[in-house]
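Down below is the structure, laid out as structure tokens.
Protein chains: 2
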Amino acid sequence: MTIILHDEDLAGYASMPLAIDAVEAVLLAKARGKAVSPPRHNVSFPGHGDLVFTIGGTLGEQPVAGFRVYDTFDSDEHSQIVAVWSAETGRLKGLVLGQRLGAIRTGAIGGVAIRHLSAPTARIAAVLGSGRHARTQLAAAAAVRSLDLALVYSRNEANRMAFAQEMQRDLGIEVRAAVSVSEAVGDADIVICATSSPIPVVSASDLKAGVHVTTIGPKTAKAHELALDIVGRANVIATDSREQTGAYASPFFLHGSGKEQSLVELSDIVAGRVPGRQTADEVSLFCSVGLAGTEVAVASALFDRLLEKSAGS
Amino acid sequence: MTIILHDEDLAGYASMPLAIDAVEAVLLAKARGKAVSPPRHNVSFPGHGDLVFTIGGTLGEQPVAGFRVYDTFDSDEHSQIVAVWSAETGRLKGLVLGQRLGAIRTGAIGGVAIRHLSAPTARIAAVLGSGRHARTQLAAAAAVRSLDLALVYSRNEANRMAFAQEMQRDLGIEVRAAVSVSEAVGDADIVICATSSPIPVVSASDLKAGVHVTTIGPKTAKAHELALDIVGRANVIATDSREQTGAYASPFFLHGSGKEQSLVELSDIVAGRVPGRQTADEVSLFCSVGLAGTEVAVASALFDRLLEKSAGS
Numbered sequence: 001m002t003i004i005l006h007d008e009d010l011a012g013y014a015s016m017p018l019a020i021d022a023v024e025a026v027l028l029a030k031a032r033g034k035a036v037s038p039p040r041h042n043v044s045f046p047g048h049g050d051l052v053f054t055i056g057g058t059l060g061e062q063p064v065a066g067f068r069v070y071d072t073f074d075s076d077e078h079s080q081i082v083a084v085w086s087a088e089t090g091r092l093k094g095l096v097l098g099q100r101l102g103a104i105r106t107g108a109i110g111g112v113a114i115r116h117l118s119a120p121t122a123r124i125a126a127v128l129g130s131g132r133h134a135r136t137q138l139a140a141a142a143a144v145r146s147l148d149l150a151l152v153y154s155r156n157e158a159n160r161m162a163f164a165q166e167m168q169r170d171l172g173i174e175v176r177a178a179v180s181v182s183e184a185v186g187d188a189d190i191v192i193c194a195t196s197s198p199i200p201v202v203s204a205s206d207l208k209a210g211v212h213v214t215t216i217g218p219k220t221a222k223a224h225e226l227a228l229d230i231v232g233r234a235n236v237i238a239t240d241s242r243e244q245t246g247a248y249a250s251p252f253f254l255h256g257s258g259k260e261q262s263l264v265e266l267s268d269i270v271a272g273r274v275p276g277r278q279t280a281d282e283v284s285l286f287c288s289v290g291l292a293g294t295e296v297a298v299a300s301a302l303f304d305r306l307l308e309k310s311a312g313s
Numbered sequence: 314m315t316i317i318l319h320d321e322d323l324a325g326y327a328s329m330p331l332a333i334d335a336v337e338a339v340l341l342a343k344a345r346g347k348a349v350s351p352p353r354h355n356v357s358f359p360g361h362g363d364l365v366f367t368i369g370g371t372l373g374e375q376p377v378a379g380f381r382v383y384d385t386f387d388s389d390e391h392s393q394i395v396a397v398w399s400a401e402t403g404r405l406k407g408l409v410l411g412q413r414l415g416a417i418r419t420g421a422i423g424g425v426a427i428r429h430l431s432a433p434t435a436r437i438a439a440v441l442g443s444g445r446h447a448r449t450q451l452a453a454a455a456a457v458r459s460l461d462l463a464l465v466y467s468r469n470e471a472n473r474m475a476f477a478q479e480m481q482r483d484l485g486i487e488v489r490a491a492v493s494v495s496e497a498v499g500d501a502d503i504v505i506c507a508t509s510s511p512i513p514v515v516s517a518s519d520l521k522a523g524v525h526v527t528t529i530g531p532k533t534a535k536a537h538e539l540a541l542d543i544v545g546r547a548n549v550i551a552t553d554s555r556e557q558t559g560a561y562a563s564p565f566f567l568h569g570s571g572k573e574q575s576l577v578e579l580s581d582i583v584a585g586r587v588p589g590r591q592t593a594d595e596v597s598l599f600c601s602v603g604l605a606g607t608e609v610a611v612a613s614a615l616f617d618r619l620l621e622k623s624a625g626s
């Protein structure tokens, strides 16, 4: 019987360490040429929106294949589907329906980036934005670094207060709402920018030396949540998929910055092929684009754990 | 809650009339430029196989969008997924898992072709092949024509005997196993070729005047189940997707026959834009390639009927 999971099965952040390890395994596979992760595939339904497919998986031992699909229809209700096959046995391992898995795996990608790019001594995180992705990114940061404090800023006070309260409870670390971007990021070792803003919300002068910055939100030349001077300041700039950064309809925000050639694959850093941060003062920047196949790997790891649990019970 | 159907929910042929009407509606939408049905999208997992996506739907009133995905992994177990969204509300209407829906909708496409291409007086059907598609094609033929008799031939005697017995029971018409292709098709008004044979199993000299032929199995220049003289003999040659016939890795079997230009869209015949059969003596040929969006339409109709039933109960 095919396992089918829903959002309520993935509540909380207990699956984050598993998800981070699953994503890290995909990145290692990618560095060894064993990941399948073509750019996403869109089909348009004129007047309504698109179905967008990220299809991928990993080869090698226990190969998995699958996809995530989401819609851009004009609606409050968006239902994603993730499906995973064992490429070896041809068996459909399971399906995950809903929004939660996508946020967990994007969080997990961010967690791998923070593990390999931020200063190992990082203790303070700042989060700009208070949505779903802001939550899972912070949870992932807390899974890979011993955080003492997280600060959150978003324009809506009620939202940032709710975020602080919930995340303090869920992560068991101190989480405070800041009243400005600069208050939030000023002392931060890790800055997570997870807004929907098409104009920059944070610039280099707001940040301290040695900071790691992750950008989740808009990052095209026309619309980007980070000021370009952060790109200029960064000593290391990585992404989870250079191929995807070149496949957007609008050019990637590094376009024209003179730093396009500096963009390295996070997978190559994870595999030790290219250096990451070299000193505690360097600034690192991670541009999260959503490597195809990572959803599949995270879902596959969840299914395997469920099967182990049921076999053990 | 998202409806999820499995093969056992689609047992039997009770859904065939609904499926045929749903496919006919897609073809009418296609003729009006209101169908979304791009060629299929393959992603390869080297050493294992492909995931193959047919993505599509219909615009206009109650627009639907969705996809079917199947795998070509080396396995006896193949799990297809069909998913349907209302493009209007953005709601995921439901999922269908398993093999059954694909066979029903391919049957339904064949049913529409037989409704619009075969002689209205057709009473005898022949089926070459005894697999899943052979069954649903015959069920669809029986749904649109008043059949008195069906004859089946496949190389394996046990398979053709089982087919005859089961289909006689399931369709309530006489179904007999023939001992040769020529015995099966000699008197047939409708010939359904649903084999996996890469070499022709039937040729024009086997067939009577006025016959309608449907080919479901191999139909590339290198591997095709119909002899090319049937193509030469045909007065009308239609397909459910000319675009798909041009999108195979190997050229379509009409390539080089001099009849490529005669290939018309079944949708245009259904919409009355191009003529189908003109006399009782003409030979018609339908090349079934699997128009994208038809699975989605059939699944959507099944979900709608389930919702009506549950609302009415």
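First to last, the protein sequences are chains R and G. Using our numbering, the letters of the first sequence correspond one by one to residues 1 to 313. Using our numbering, the letters of the second sequence correspond one by one to residues 314 to 626. Glycine residues also receive a C-beta, built at the ideal position from the N, C-alpha and C atoms.
Query                                                                                                                                                                 : Result
Counting along the chain, where does the alpha helix (DSSP H) carrying R:T54 start and finish?                                                                        : No alpha helix (DSSP H) contains R:T54, which is instead part of the beta strand (DSSP E) from 49-58.
Find the residues of chain R that neighbour G:T315, judging by a C-beta separation of less than 8 Å, and give them in chain order.                                    : S79, L97
Hey, quick one: how far does the beta strand (DSSP E) through R:N235 stretch, first residue to last?                                                                  : Taken as a continuous stretch (DSSP letters only), R:N235 belongs to no beta strand (DSSP E), as it is neither H nor E.
With respect to the beta strand (DSSP E) encompassing R:T215, which residues constitute its N-terminal and C-terminal limits?                                         : 212-215
How would you write the range of the beta strand (DSSP E) that G:H391 sits in, first residue to last?                                                                 : Neither: G:H391 is in no beta strand (DSSP E) and is coded neither H nor E.
Since I believe G:G403 is in contact with R:E77 (beta carbons under 8 Å), could you give me their beta-carbon distance rounded to a whole number of angstroms?        : 5 Å
With a threshold of 6 Å on Cβ separation, who are the neighbours of R:Q244 within its own chain once the five nearest residues in sequence on each side are excluded? : P39, V289
Round the Cβ separation of R:I104 and R:V270 to the nearest angstrom and send it over; I've been treating them as touching at under 8 Å.                              : The pair is not a contact, with the Cβ atoms about 19 Å apart (cut-off 8 Å).
So, is G:A593 buried or exposed, given that buried needs 16 or more other C-beta atoms within 10 angstroms?                                                           : exposed
Determine the direct distance from the alpha carbon of G:G424 to that of G:A432, and round the result to whole angstroms.                                             : 13 Å
From the DSSP output, which residues share a beta bridge with R:E174?                                                                                                 : R:L149
Would a check of beta-carbon distances place G:D384 closer than 8 Å to chain R?                                                                                       : yes
If you follow the alpha helix (DSSP H) that G:L441 is part of, which residue opens it and which one closes it?                                                        : Premise fails: G:L441 lies in the beta strand (DSSP E), 437-441, not in any alpha helix (DSSP H).
Compute the distance between the beta-carbons of R:V173 and G:L364, then report whether it is under 8 Å.                                                              : The sequence shown places Ile at residue 173 of chain R, not Val. Against a cut-off of 8 Å, the Cβ pair of G:L364 and R:I173 comes out as no contact.
Is there contact between the region 536-556 of chain G and the region 569-581 of chain G, where contact requires at least three CB pairs shorter than 8 Å?            : yes
Return the first residue and the last residue of the alpha helix (DSSP H) that G:R381 is part of.                                                                     : Where G:R381 is concerned, there is no enclosing alpha helix (DSSP H), although the beta strand (DSSP E) it sits in stretches over 377-384.
With a cut-off of 8 Å on the beta carbons, I'd call R:V231 and R:L254 a contact; round off their distance for me.                                                     : 6 Å
Applying the 10 Å Cβ sphere with the 16-neighbour rule, what's the burial state of R:S310?                                                                            : exposed
Between R:G217 and R:G129, is the Cβ-Cβ spacing less than 8 Å?                                                                                                        : yes
Whose CA, out of R:L27, R:V152, R:A87, lies closest to the CA of R:E61?                                                                                               : R:A87
Excluding the 5 residues flanking R:V283 on each side, which residues of the same chain have their C-beta closer than 6 Å to its C-beta?                              : V211, R233, A234, N235
Assuming contact is defined by CB atoms lying nearer than 8 Å, are G:V515 and G:V504 in contact in what I supplied?                                                   : yes
Within 8 Å of any Cβ in chain G, is that where the Cβ of R:L51 sits?                                                                                                  : yes
By the 10 Å Cβ neighbour count, where 16 or more other Cβ atoms means buried, how is G:L620 classified, buried or exposed?                                            : exposed
My assumption, with CB atoms under 8 Å, is that R:L97 sits in contact with R:I4. Please give the rounded CB distance.                                                 : 7 Å
Compute the Euclidean distance between the alpha carbons of R:F303 and R:G12, then round it to the nearest angstrom.                                                  : 17 Å
Within a Cβ cutoff of 6 Å, which residues of the same chain sit near R:L322, ignoring the five residues on either side of it in sequence?                             : An answer regarding residue 322 of chain R cannot be provided, because it is not within the stretch 1 to 313 covered by chain R.
Are the Cβ atoms of R:R277 and R:D189 separated by less than 8 Å?                                                                                                     : no
Does any residue of chain G bring its CB to less than 8 Å from the CB of R:G293?                                                                                      : no
Out of curiosity, what's the CA-to-CA distance linking R:S267 and R:G33?                                                                                              : 10 Å
So G:I333 is in the alpha helix (DSSP H); what residue range does that whole segment cover?                                                                           : 329-344
In this structure, does DSSP put G:A454 in helix, strand or coil?                                                                                                     : helix
Given a cut-off of 8 Å, decide if G:T315 and G:V339 are closer than it, judged by their beta-carbon atoms.                                                            : no
Can you list, in chain order, the residues of its chain whose CB lies under 6 Å from that of R:L95, leaving out five sequence neighbours each side?                   : I4, A83
In chain order, what residues of the same chain lie with their CB nearer than 6 Å to the CB of R:L151, ignoring the 5 residues before and after it?                   : A126, R176, A178, A184
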